[in-house]
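Residue numbers (the working numbering): 214 to 491. Ideal Cβ positions, reconstructed from N, Cα and C, are used throughout, including at glycine. Note that the structure is a prediction, hence the values are computed from the model and not measured. Read through the structure below, which is laid out as structure tokens, and then see the notes.
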Ligand code: NAP
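Okay, here's the thing in structure tokens:
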């Protein structure tokens, strides 16, 4: 039987995952399929418990199911446990459901590919946002050995919750103090939804960032957000969010279809062209 995987969400229509996985299936000549599954929150547990019966070898999980998917799995990797959410599921050889979170892998791999100099930059890393994506990014940065992360969020309590979860290397600063805090930072990451098409703009003045700082935005619609445009205009290195989306898809595809796929400029162009149709 040809292997089939899917993305599970509610709603799921907007998901970019099918475009990525179907491109790779085609590119590597794999006789497999990747579907979208709209699953209501109350049906999630039953659906993933019956993944195999439903005809799937594995799945991506998107909002609002990421926490519930982790709870439903028999085992989980360190990243999923630390982040508290799963975005990738597969069945172990004995048929047991395994949960993984590949967001941190995707973020770090993309950052290292596009701006490896971030590791040599002096100073702190500053992360804007304390939602689900920020959790994955904090995990990835700390795992990479970053000594201190400044974390700032409109709702300070959410940032404090992340500091409690990730420990004293995370220092919470007021949202109102974000502009001044940039002076000592070698890497700025926007992990809020601000700046995304249809959302509010991100109000930030990046003038204080050092000249060798790297600016990363995980928002990928538009591909060049106003933050990245400002950074490029200032001559700073920039890292867009689309690469994170592409790289986070790699481990799941390899598990389900047996080939480790590559993130190439052709894939990027294909996804940009498709997302642009929305
Ligand atoms: P989330 O859990 O809903 O978190 C949203 C974040 O944005 C929170 O920190 C929230 O602050 C902040 N925010 C929203 N509106 C704001 C406003 N008006 N002023 C200040 N802060 C505001 O969402 P998420 O899952 O973390 O995703 C965040 C963004 O990352 C989304 O745009 C998503 O598409 C993108 N993303 C990209 C990738 C990728 O692969 N590139 C992966 C995951 C997510 P409060 O806590 O104060 O509400």
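By the Cβ-count criterion, residue 277 is exposed, with fewer than 16 other Cβ atoms from all chains shown falling within 10 Å of its own Cβ. Apart from the 5 residues on each side of it in sequence, residue 406 sits with its Cβ closer than 6 Å to the Cβ of 412 in its chain, given in chain order. In this structure, residue 443 has its CB at a distance of at least 7 Å from all heavy atoms of the ligand NAP. Sequence-distant partners of residue 433 (beyond 5 residues in either direction) whose C-beta falls short of 7 Å from its own C-beta, in its chain, are 453, 454, 455, 458. Residue 342 and residue 214 have their alpha carbons spaced roughly 43 Å apart.
Taking C-beta atoms under 8 Å as the contact rule, residue 299 and residue 293 qualify, at a distance of about 5 Å.
Take residue 319, set aside five residues on each side of it, and the residues of its chain with a beta-carbon closer than 6 Å to its own are 457, 460, 461, in chain order. For residue 367, the shortest separation between its Cβ and any heavy atom of the ligand NAP lies below 7 Å. Between the stretch 347-366 and the stretch 386-400, the count of Cβ pairs shorter than 8 Å is three or higher; the stretches touch.
In this structure, the beta-carbon distance from residue 316 to residue 349 falls below 8 Å.
A Cβ-Cβ separation of about 11 Å leaves residue 403 out of contact with residue 443 under the 8 Å criterion. No residue range can be given for residue 433, since it is assigned to no beta strand (DSSP E) and is classified by DSSP as neither H nor E.
Residue burial annotation: residue 230 is buried, with at least 16 other C-beta atoms found within 10 angstroms of its C-beta.
Around the Cβ of residue 227, a 10 Å sphere holds fewer than 16 other Cβ atoms; the residue is exposed. For residue 217, the uninterrupted beta strand (DSSP E) segment begins and ends at 217-222.
A Cβ-Cβ distance of about 4 Å is found for the pair residue 331 and residue 427, placing them in contact under the 8 Å criterion. With distances taken between CA atoms, residue 295 lies nearest to 378 out of 262, 260, 378.
Taken in chain order, the unbroken stretches of alpha helix (DSSP H) that lie wholly in the stretch 269-298 and span 4 residues or more are 279-285, 291-296. Distances from the alpha-carbon of residue 488 to those of 310, 469, 435 put 435 closest.
Under the three-state reduction of DSSP output, residue 313 falls in the strand class. For the pair residue 465 and residue 246, the Cα-to-Cα distance works out to about 13 Å. In this structure, the C-beta of residue 461 approaches the ligand NAP to less than 7 Å from one of its heavy atoms. When DSSP states are grouped into helix, strand and coil, residue 399 belongs to the strand group.
Distances between the C-beta of residue 335 and the heavy atoms of the ligand NAP are all 7 Å or more. Look at residue 352: its beta carbon is at least 7 Å from all of the heavy atoms in the ligand NAP.
For residue 243, there is no enclosing beta strand (DSSP E), as DSSP gives it neither H nor E.
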